[in-house]
Ligand SMILES: [Zn+2]
Ligand SMILES: [Zn+2]
Ligand SMILES: [Zn+2]
Ligand SMILES: [Zn+2]
Ligand SMILES: [Zn+2]
């Protein structure tokens, strides 16, 4: 009998000794970080006050109770009884019964009403039918990504259970190392922006944090081939942690499954879905541009299948000696500051991921309050000594001016925008301005992946700013459902209609004018002197967006008839730039994040910024707060303990 | 056909195009770093002026010419002709013909006379008999280590040729990496003395530098198990470089053969022999103390079999992108400052190993002159701010006083000494003092491994200080052959005789009174008030030597009758300490080594010293010479390029 089996036997005996004699335990298993307890008496478990809570705190594990298959009531019968327990206003849209685990997945428009106060309605359901309920939200805007992910996971249910059991046994294995240390190896995004990837390594455990690409570079990928990472075999990685879905953090994650990785990815649920959306698009773009992508869509599915979603604040065992906790990072939907507690009080490392320190319309500001933290690995995108940004209030005022100006002369406002994050922030700004009468009512067209990304945002309102979340919960106030918003889903024909029509606002990808429907919009509107092309996001060196900002007026566009020939378009639109809508903290925000951090870390590694930014931030933090700061190079290893 | 074979074919064609038509080339092969050219015309090759030298510089390779087996003359006949070419004074003691390679190994008392001016005699031999001569020195003092190593290598000749061919093909493989970087990972001896071990890593190559133990620690071995070292499989190491034979650098080298390493060890020839002597003794001590040694003597033989000896100053390809050059380190016999030239001018790293900066009687001071060097990995044993040592001149004066005092009152001088290095230095000091009349003539007894270590020193006079080497070349002046020196090879009986006799000097191991014959000498002489126990080397914390220095007079000694019981001996001898004979540079020497280094390195990693020493030296070098200095921890990785 393996050591894990022995441990499970002991756990079972301990549970039995803690619960009343008339409640049976038929089996205990690990599923990922959770302990699953099977019983012939699920109703009694559910009925017995806070029995599960007491067990969880006694065993210091997350516990799920599941009915033994023998005692499951008939699904058809159970369905009626479940629906009678749940208030009708919850808006149940689907019930899905899984005989193998005794779970029933309830999809509802208002999950909160299915859960009830402190989970009372859920317990009532179990007491009524014996099945274990699980609740998911019905996307308020239909999202193909969300439904594809959910359907895929349903279809792969059996393999997923195997994965979870295997991962669970790995997490709860006996510690083998008799030594103790904590190290970080930098595989990318040091003295550069892009290809974020780190290895967090203890004597016992090796964790890969992020695995992104470097946009605009020619094949500069993270140094995965070194033995500290995957060079010694992908099976040496115990876990992967993904801070957020942006491609500079996620693009090459599916690749590691090609290299034979078979373990878990920890991230938030929205990060999982957005990663699916963005990496599939990444493959798409590569194919369209005639490049061979480094992996296939089947590896994206592997990544999704191996994802174990965690919520902000959940302290989760991910290895015998490592606990992970995610906290809101304020950067994009599901973005997480990732806190690692190592050993039994041995050491604490915090990876900021990308952060926004102040509240925005979309998100609360990044969390920087932890039980303990000795070392912080810190993004430095705007860490340069002059990287202070306009206040968002001023930026919004300026945007309102631009929109009014275009409207007044009968023109349109064309905004190139990133699908995830910045587009939703713009939607909120525009919706508010229109509602309060600062700009006239007019259609706002959303083109490219923006609509889909917005749908994913509305599926996870818990991850949005408090006020916004509350508005979405009250369907009639959901700003993303405002009438002005129109999804461009009619292709060129619809674009032509819009172009022929009156004043309007158009948000379209790609955000740096490097391809996508924005190119088509430039063909339609480029000649209109009354319209305004408005940049609201960072335009990287070498992109067409940056060139236009710099005054280029002769723009190469692909010929409309698909011949592959390139025409030259003379841009007559006004060009405006409205700064201040970044998803990244500016220099002040980065300093504030560290300054107000509780507790103040001893060491800071400044990463995810160009050479000047990381050096500036590193020396500023050293001088102002007397911490040990570093501006690492890629491929270095730091030992902390 | 493999890429290496293609390359060899091309090389053969190139050689053929460079040499006269009447000289044939039958085969070209790699043997380790050398290119071996087989020919049916060895005599013509040898006769043709500097043909080989021109080829070597054209091909930028070390070249050895060997006769095709078909054209070899009969060994018995050849023997006579060889002996007629070599001057009789050369003192040939053995001729060994190897039909497989056409080599004849000539062992002679005066190898220089077999070689002749610029190799003229060697060429004459080849022209006369066709065989390729190789010369080794007949040890002036018989050394079982040297003869065991030589006999073993003779016996394993065939496997060794296979190893060399394999290594040669590895070295000359095509570079695979399209990236370029240089990194060092610290596996031991950081902020501590002991368990020296580093990995020097390029995108193409991984080299292990040293692999020692930590004396006096309980099982603190280098971190070999991490993936940057052997964790990813021993086959990922391309080469091992050993700076010198001390156990804190060599003790665990044989272990890596147990882990499956099958590649080359580069070190000097005396380091190879001393490593054999010291690691076998290391196993012996472990066995005697009832500990299970981490490997067997068969792994020591593997290590010797895989050793490719290099001479000081030889620039040697050890990987497609790495050239290694050893330089005298002045620390012990064969100790080497190891210079790595990486890529085609990409980067240069120098490992000091252990060094002595000033000349001693035994060795010239450490070399610190290089074509280029950007990073220096520097020993710091005496790097502390107060680690200045007495001048050796003063120390010698004090030693003379002590010896005279003991002699005057009819006593003996008992000196615990390390077998390798310090003992030979003491022998030279004593011989000189006696010869010049500063102390009276009296016997000097050498006990333990000292005699054997001395014999190895005399086998390699090229590695000793210029003046000393010259004296050894003139046999009648070889100080180690002086009449006073007596090898204690008669065990307890002889020791009893010595103890019963008159004034004398005894040098005995172990150097820190932790075991060995010194324990027996303490039993014999411990009660003699007229005798003086004289410490001349560092006594580590926790050793009996240190305790005696601190005034302990009650000494536990094992009962003479072998019962295993421990008696207590009351020490009545005088106890003296004479500092200044260290094999390590003191603080001043370390600073001078860096200060006068040509060129001055940009970065210095201070290692091989306790926490205080490395910090002191690191900050002193930073402040005085404005270099970037580091005091690494174990298990860190530094990237330089
Ligand atoms: Zn991001
Ligand atoms: Zn990023
Ligand atoms: Zn040494
Ligand atoms: Zn030493
Ligand atoms: Zn040493």
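Chains as they are written, first to last, in the UniProt record's numbering: chain A, 1 to 641; chain B, 1 to 641.
Ideal Cβ positions, reconstructed from N, Cα and C, are used throughout, including at glycine.
Exercise. With a cut-off of 8 Å, does the C-beta of residue 307 of chain A fall near any C-beta of chain B?
Worked result: The residue you call residue 307 of chain A lines up with position 307 of the first chain. No, its Cβ sits nowhere closer than 8 Å to a Cβ of chain B.
Exercise. How about the stretch 153-172 of chain A and the stretch 621-628 of chain A: do they share at least three Cβ pairs that are nearer than 8 Å?
Worked result: no
Exercise. Is there a Cβ from chain B that is less than 8 Å from the Cβ of residue 292 of chain A?
Worked result: The residue you call residue 292 of chain A lines up with position 292 of the first chain. False, the Cβ-Cβ gap to chain B never drops below 8 Å.
Exercise. Given that a residue counts as buried once 16 or more other Cβ atoms are within 10 Å of its Cβ, and exposed if not, what is residue 76 of chain A?
Worked result: The count along the first chain starts at 1 and reaches residue 76 of chain A at position 76. Exposed: under 16 other Cβ atoms inside 10 Å.
Exercise. Using a threshold of 7 Å, is the CB atom of residue 244 of chain A nearer than that to any non-hydrogen atom of ligand 1?
Worked result: The count along the first chain starts at 1 and reaches residue 244 of chain A at position 244. It does: the Cβ of residue 244 of chain A is within 7 Å (strictly closer) of some heavy atom of ligand 1.
Exercise. Expressed to the nearest angstrom, what Euclidean distance is found between the alpha-carbon atoms of residue 38 of chain B and residue 268 of chain B?
Worked result: Working through the second chain from its first residue, we reach residue 38 of chain B at position 38. Working through the second chain from its first residue, we reach residue 268 of chain B at position 268. Between residue 38 of chain B and residue 268 of chain B, the C-alpha separation is close to 27 Å.
Problem set entry | Length of the line joining the Cα atoms of residue 602 of chain B and residue 375 of chain B | For the purposes of this step, residue 602 of chain B is taken as the residue at position 602 of the second chain. For the purposes of this step, residue 375 of chain B is taken as the residue at position 375 of the second chain. Distance between the alpha carbons of residue 602 of chain B and residue 375 of chain B is about 6 Å.
Exercise. Looking at the structure shown, is residue 661 of chain B part of a helix, part of a strand, or coil, going by DSSP?
Worked result: Since the first residue of chain B shown is 1 and the last is 641, residue 661 of chain B is not available in this structure.
Exercise. So does residue 354 of chain B have its beta carbon nearer than 7 Å to some heavy atom of ligand 3?
Worked result: As a first step, residue 354 of chain B is located in the second chain; it is residue number 354 there, counting from the start. Relative to ligand 3, the nearest heavy atom lies less than 7 Å away from the CB of residue 354 of chain B.
Exercise. Do you know how far the Cα of residue 217 of chain B is from the Cα of residue 510 of chain B?
Worked result: Position 510 of the second chain, counted from the start, is the residue given in the question as residue 510 of chain B. Position 217 of the second chain, counted from the start, is the residue given in the question as residue 217 of chain B. Residue 510 of chain B and residue 217 of chain B have their C-alpha atoms roughly 17 Å apart.
For this session: Alpha carbon to alpha carbon, how far is residue 222 of chain B from residue 615 of chain B? Give it in angstroms, no decimals.
Result: Locating residue 615 of chain B in the second chain gives position 615, counting from the first residue. Locating residue 222 of chain B in the second chain gives position 222, counting from the first residue. Each residue's Cα considered, the two are about 21 Å apart.
Exercise. Sorted by chain position, which residues of the same chain lie with C-beta nearer than 7 Å to residue 321 of chain B's C-beta, five sequence neighbours on each side aside?
Worked result: Counted from its first residue, the second chain places residue 321 of chain B at position 321. Result list for residue 321 of chain B: 175, 202, 204, 205, 342 and 343, in chain order.
For this session: Determine the contact status of residue 145 of chain B and residue 276 of chain B, defining contact as a CB-CB distance below 8 Å.
Result: Taking the first residue of the second chain as position 1, residue 145 of chain B is located at position 145. Taking the first residue of the second chain as position 1, residue 276 of chain B is located at position 276. In contact: residue 145 of chain B and residue 276 of chain B (Cβ atoms closer than 8 Å).
Exercise. Mind listing which residues of the stretch 520-533 of chain A have their C-beta closer than 9 Å to chain B's C-betas, in chain order?
Worked result: Flagged: no residues at all.
Exercise. Between which two residues does the alpha helix (DSSP H) carrying residue 254 of chain A extend?
Worked result: As a working note, residue 254 of chain A is residue 254 in the first chain. Residues 253-258.
Exercise. What did DSSP end up calling residue 53 of chain B once you bin it into helix, strand or coil?
Worked result: Taking the second chain and counting its residues from 1, one reaches residue 53 of chain B at position 53. Looking at residue 53 of chain B - three-state DSSP - the assignment turns out to be helix.
For this session: On a CA-only basis, which of A:556, A:513 and A:555 is nearest residue 537 of chain A? Give me that one, please.
Result: Taking the first chain and counting its residues from 1, one reaches residue 537 of chain A at position 537. Among A:556, A:513 and A:555, the Cα nearest to that of residue 537 of chain A is on A:513.
Exercise. Rounded to a whole number of angstroms, what is the C-alpha to C-alpha distance between residue 699 of chain A and residue 160 of chain A?
Worked result: With chain A covering 1 to 641 only, the question about residue 699 of chain A has no answer from this structure.
Exercise. Quick one: any contact between the stretch 459-472 of chain A and the stretch 603-622 of chain A, if contact means 3 or more CB pairs under 8 Å?
Worked result: no
Exercise. Secondary structure at residue 23 of chain B, three-state DSSP: helix, strand or coil?
Worked result: Within the second chain, numbered from 1, the residue matching residue 23 of chain B stands at position 23. Three-state DSSP puts residue 23 of chain B in coil, outside helix and strand.
Exercise. Is any beta-carbon of chain A found at less than 8 Å from that of residue 191 of chain B?
Worked result: What you label residue 191 of chain B is simply residue 191 of the second chain in a count that begins at 1. Residue 191 of chain B does not count as touching chain A.
For this session: Please go through the same chain and pick out, in chain order, the residues whose beta-carbon is closer than 6 Å to the beta-carbon of residue 421 of chain B, but skip the five residues on each side of it.
Result: Within the second chain, numbered from 1, the residue matching residue 421 of chain B stands at position 421. Taken in chain order, the residues that qualify are 332 and 583.
Exercise. Are the C-beta atoms of residue 635 of chain B and some chain A residue less than 8 Å apart?
Worked result: Numbered from its first residue, the second chain carries residue 635 of chain B at position 635. Judged by the 8 Å Cβ criterion, residue 635 of chain B is in contact with chain A.
Problem set entry | Within 8 Å, strictly: CB atoms of residue 323 of chain A and residue 295 of chain A | Your numbering for residue 323 of chain A matches position 323 in the first chain. Your numbering for residue 295 of chain A matches position 295 in the first chain. Not closer than 8 Å, so no.
Exercise. So does residue 196 of chain A have its beta carbon nearer than 7 Å to some heavy atom of ligand 2?
Worked result: By one-based count along the first chain, residue 196 of chain A stands at place 196. Residue 196 of chain A: yes, Cβ under 7 Å from ligand 2.
Exercise. What does residue 342 of chain B pair with, by DSSP beta-bridge criteria?
Worked result: Counted from its first residue, the second chain places residue 342 of chain B at position 342. The partner list for residue 342 of chain B (beta bridge, DSSP) reads B:322 and B:347.
For this session: Using a Cβ-Cβ cut-off of less than 7 Å, give me the residues of the stretch 223-257 of chain A that come near chain B, in sequence order.
Result: 227, 228, 231, 232 and 236
Problem set entry | DSSP three-state assignment for residue 86 of chain A, whether helix, strand or coil | Position 86 of the first chain holds residue 86 of chain A. Note: residue 86 of chain A maps to coil in three-state DSSP.
Exercise. With 8 Å set as the bound, which would you pick, yes or no: does the beta-carbon of residue 66 of chain A sit closer than that to a beta-carbon of chain B?
Worked result: Looking up residue 66 of chain A in the first chain gives position 66. No, because no Cβ of chain B sits closer than 8 Å to the Cβ of residue 66 of chain A.
Exercise. Taking 8 Å as the CB-CB limit, is residue 181 of chain A close to chain B?
Worked result: Here residue 181 of chain A refers to the residue found at position 181 of the first chain. Yes, because at least one Cβ of chain B sits closer than 8 Å to the Cβ of residue 181 of chain A.
For this session: Kindly list the residues whose CB is nearer than 7 Å to the CB of residue 200 of chain B, restricted to its own chain and excluding five residues on each side of it in sequence; keep chain order.
Result: Here residue 200 of chain B refers to the residue found at position 200 of the second chain. Excluding residues within five positions, the ones whose Cβ falls inside 7 Å are 184, 207, 209, 340 and 349.
Problem set entry | Inter-residue CB distance, residue 596 of chain A and residue 328 of chain A (contact presumed, cutoff 8 Å) | Here residue 596 of chain A refers to the residue found at position 596 when the first chain is read from its first residue. Here residue 328 of chain A refers to the residue found at position 328 when the first chain is read from its first residue. Rounded, the Cβ-Cβ distance is 15 Å, inconsistent with contact.
Exercise. Of the residues B:355, B:630, B:315 and B:391, which one's Cα is nearest the Cα of residue 370 of chain B?
Worked result: The residue given as residue 370 of chain B occupies position 370 in the second chain. Closest option to residue 370 of chain B, Cα to Cα, is B:315.
Exercise. If we ignore side chains and look at the alpha-carbon of each, how far apart do residue 630 of chain A and residue 194 of chain A end up?
Worked result: Locating residue 630 of chain A in the first chain gives position 630, where the first residue counts as 1. Locating residue 194 of chain A in the first chain gives position 194, where the first residue counts as 1. If you take the alpha carbons of residue 630 of chain A and residue 194 of chain A, they lie about 18 Å apart.
For this session: Indicate the three-state DSSP secondary structure (helix, strand or coil) for residue 108 of chain A in the structure shown.
Result: Locating residue 108 of chain A in the first chain gives position 108, where the first residue counts as 1. Looking at residue 108 of chain A - three-state DSSP - the assignment turns out to be strand.
Problem set entry | Enclosing beta strand (DSSP E) for residue 239 of chain B [first to last residue] | For this step, residue 239 of chain B is matched to residue 239 along the second chain. Note, residue 239 of chain B: beta strand (DSSP E), 239-241.
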